[in-house]
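Note sheet for the following structure.
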Amino acid sequence: MSSAAELHDPGLRQQVTWLARMLGHLIASMGPYGDELERMRRRRPLATSAELIWQQLPR
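In terms of my numbering, the sequence shown has 71 at position 47, counting the first letter as 1, and numbering is strictly consecutive.
Following this line, the structure appears as structure tokens:
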């Protein structure tokens, strides 16, 4: 981007919104297939008791 005015381009905003929605959908839809995405989201490992509770939550 060469100027701040380009950031207010409606076409760019629409494309970025579409990309953000698609990424959100992909992350949400891949949840049931593995814990790898959850592990990447966590900042630190869960305690054993927290891990057991987490597994009981509906997905």
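The beta carbon of each residue, even a glycine, is placed where N, CA and C say it ideally should be.
What you are looking at is a predicted structure, and each value in this text was computed from that prediction instead of being measured.
Opening and closing residue of the alpha helix (DSSP H) in which P82 lies: Position 58 of the sequence shown holds residue 82. Segment: none, P82 is in no alpha helix (DSSP H) and carries neither H nor E.
Using the Cα positions of M64 and I51, report the straight-line distance between them to the nearest angstrom. For the purposes of this step, residue 64 is taken as residue 40 along the sequence shown, with counting starting at 1. For the purposes of this step, residue 51 is taken as residue 27 along the sequence shown, with counting starting at 1. Roughly 11 Å between the two C-alpha positions.
So what does DSSP say about M54, is it helix, strand or coil? Position 30 of the sequence shown, counting from 1, holds the residue named residue 54. M54 falls in the coil class under three-state DSSP.
Give the DSSP-derived three-state secondary structure of R37 in the structure shown. Numbered from its first residue, the sequence shown carries residue 37 at position 13. Of the three classes helix, strand and coil, the one that applies to R37 here is helix, per DSSP.
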